Amino acid sequence: MARLDINRSGEMEVFVRVVELGGFSAAARAFRMTPSAVSKLVARLEDRLGARLVHRNTRGLQLTSEGCVFYERSVRLLADLEEAERGVTTSETPSGRVRINANVPFGTHILLPRVQDFLALHPAITLDITLTDQVVDLLEERTDVAIRAGPLKPSNLIARKLGETRYAIVGSPAYLKRVGMPRKVADLERHNRLGFSYVRAVQHWPFVERGATVSVPCVGNVQASDGEALRHLALGGVGLARLAGFQVREDLKAGRLVEVLEDQNSGDTEAVHAVFLDAAGHLPARVRAFLDYFSKVGLG
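Residue numbering for the sequence shown follows the numbering used here, beginning at 94 and increasing consecutively.
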């Protein structure tokens, strides 16, 4: 009977909030408790489980491996409880905060321009958006959804495909007037080929020449950390850049950028996915609403 006296879902909820808010004090404010009471609750939870869940240090809290497992499972169980309660209530309104991590091009050209429309449909949802081309750990960064381009590595994440994008080699009219329009792949030798500064990036450009695939090293005097920075460099006439179609679509229409060697483009595409933790097959309504909306939007 002793186990029935323990508010296990309440413990989980407090622990999850400690992790998501990054500390005892923030969680205490959320639950209108004292930091000491929250700390003691987590300590009692650790004693009952017989495992250390968090390391406490001057920089804040860091989850142990056991803490990561317990956090992930607690989130799923609390989501199940939410689903159960929703099943017997009339309210289906998604609400709460959705934490999103998106690469800079997707965030700039797809996500941010549609935030207002999304929030108009779901006024009870708030968005917490981080834009970076670095791959983050969803659990460690307390992220609900991450947007990733390219092949996905094996993981325990669930992926939903948002679309595919074609790549194009582009330059500004001023740059092409100064250096010359390349007519064949060999002409790229005299051009400044702008590239990425991070290790994961593809450091060559693929073309098809006389029926064979050829690769040109991405060699230039400027590298950048994300695709949007490369776009601005290309717009500024610094050199050529290989960028996603959705990223330069409006620039090409407006004549701010010009595609080069289009007839020798290899035509390869890159998939864009939304990834999230959902091992139990259940998602909070707020996260599902975000995924459903941007799956329909795609890369258009």
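Using N, Cα and C, we set each Cβ at its ideal position, and we do this for glycine too.
Values in this document were obtained by computation on a predicted structure and should not be read as measured data.
* How would you call Ser50, buried or exposed, if buried means at least 16 neighbouring beta carbons within 10 angstroms? -> Residue 50 lies beyond the stretch modelled for the chain, which goes from 94 to 393, so this question has no answer here.
* To do: Measure the C-alpha to C-alpha separation of Pro377 and Ala172 and round it to an integer number of angstroms.
  => Here residue 377 refers to the residue found at position 284 when the sequence shown is read from its first residue. Here residue 172 refers to the residue found at position 79 when the sequence shown is read from its first residue. Whole-angstrom Cα-Cα distance: 6 Å.
* Going by other Cβ atoms of all chains shown within 10 Å of its Cβ, with 16 needed for buried, is Val208 buried or exposed? -> Taking the sequence shown and counting its residues from 1, the one referred to as residue 208 is at position 115. Exposed: under 16 other Cβ atoms inside 10 Å.
* Around the Cβ of His366, are there at least 16 other Cβ atoms within 10 angstroms (buried) or fewer (exposed)? -> Within the sequence shown, numbered from 1, the residue matching residue 366 stands at position 273. Its Cβ being crowded by 16 or more others within 10 Å, His366 is buried.
* Asked: Of the choices Glu234, Glu352 and His284, whose alpha-carbon is the least far from that of Gln155?
  -> As a working note, residue 155 is residue 62 in the sequence shown. Taking only the C-alpha atoms, the option nearest Gln155 is Glu234.
* Got a sec, what are the start and stop residues for the alpha helix (DSSP H) Gly320 sits in? -> Within the sequence shown, residue 320 is the residue found at index 227, counting from 1. Counting along the chain, the alpha helix (DSSP H) containing Gly320 begins and ends at Gly320 to Leu328.
* Asked: Does any CB atom of chain D fall closer than 7 Å to the CB of Gln227?
  -> Judged by its chain identifiers, the structure shown contains no chain D, having just a single protein chain.
* Contacts around Leu384, its chain only, beta-carbon distance under 8 Å, and the 5 residues preceding and following it disregarded -> Reading the sequence shown from its first residue, position 291 is the one you call residue 384. Val238, Arg253, Ala367, Phe369 and Leu376.
* Mapping DSSP to helix, strand and coil, what is Pro259? -> As a working note, residue 259 is residue 166 in the sequence shown. Checking the sequence shown, residue 259 turns out to be Arg, not Pro. For Arg259, the three-state secondary structure derived from DSSP is strand.
* Straight-line Cα distance separating Leu231 from Leu220 -> Counting from one through the sequence shown, the residue named residue 220 turns up at place 127. Counting from one through the sequence shown, the residue named residue 231 turns up at place 138. Roughly 16 Å between the two C-alpha positions.
* Only counting runs of 3 or more residues, tell me where the beta strand (DSSP E) segments fall wholly within the region 130-169, in order along the chain. => Restricted to the region 130-169, the beta strand (DSSP E) segments that are unbroken, complete and at least 3 residues in length are 147-150 and 153-156, listed in chain order.
* Per DSSP, the bridge partner or partners of Gly189 -> By 1-based counting over the sequence shown, the position of residue 189 is 96. DSSP, once it has assigned bridges, lists Ile218 as partnering Gly189.
* Looking at Ile193 and Ile68, is the spacing between their C-beta atoms short of 7 Å? -> An answer regarding residue 68 cannot be provided, because it is not within the stretch 94 to 393 covered by the chain.
* Asked: Should the region 351-364 be regarded as contacting the region 292-312, the criterion being three or more beta carbon pairs within less than 8 Å?
  -> The region 351-364 is in contact with the region 292-312.
* To do: Please say whether Val197 and Leu224 have beta carbons closer to each other than 7 Å?
  => Taking the sequence shown and counting its residues from 1, the one referred to as residue 224 is at position 131. Taking the sequence shown and counting its residues from 1, the one referred to as residue 197 is at position 104. Leu224 places its beta carbon less than 7 Å from that of Val197.
* Asked: Between the C-alpha atoms of Leu333 and Val341, what's the straight-line distance to the nearest angstrom?
  -> For the purposes of this step, residue 333 is taken as residue 240 along the sequence shown, with counting starting at 1. For the purposes of this step, residue 341 is taken as residue 248 along the sequence shown, with counting starting at 1. Each residue's alpha carbon lies about 13 Å from the other.
* For the beta strand (DSSP E) holding Pro299, just list the boundary residues, first then last. => Against the sequence shown, residue 299 aligns to sequence position 206. Segment His297 to Glu302, the beta strand (DSSP E) holding Pro299.
* Asked: Exposed or buried, Glu321, counting other C-beta atoms within 10 Å across all chains shown (16 or more means buried)?
  -> Walking along the sequence shown from the start, residue 321 turns up at place 228. For Glu321, the number of other beta carbons within 10 angstroms of its own is at least 16, and it is reported as buried.
* With 16 other Cβ atoms within 10 Å as the buried cut-off, status of Leu392 -> One-based indexing of the sequence shown puts residue 392 at position 299. Looking at its Cβ environment, which holds 16 or more other Cβ atoms inside 10 Å, Leu392 is buried.
* Look at the alpha carbon of Asn100 and the alpha carbon of Val109, and state the distance between them as a whole number of angstroms. => Walking along the sequence shown from the start, residue 100 turns up at place 7. Walking along the sequence shown from the start, residue 109 turns up at place 16. Computed Cα separation, rounded: 14 Å.
* When DSSP labels each residue in this structure, what does Leu245 get in the three-state scheme? -> Within the sequence shown, the letter at position 152 stands for residue 245. Leu245: coil per DSSP, three-state reduction.
* To do: Could you tell me which of Ala337, Ala242 and Met105 sits nearest to Phe163, measuring between CA atoms?
  => As a working mapping, residue 163 is identified with position 70 in the sequence shown. Of Ala337, Ala242 and Met105, the residue nearest in Cα terms is Met105.
* **Residue range of the unbroken beta strand (DSSP E) whose run includes Ala367** => Along the sequence shown, read from residue 1 onward, the residue named residue 367 stands at position 274. Start and end: Thr362 to Phe369.
* **Helix, strand or coil at Gly264 according to DSSP, with G and I counted as helix** => Position 171 of the sequence shown, counting from 1, holds the residue named residue 264. Note: Gly264 maps to strand in three-state DSSP.
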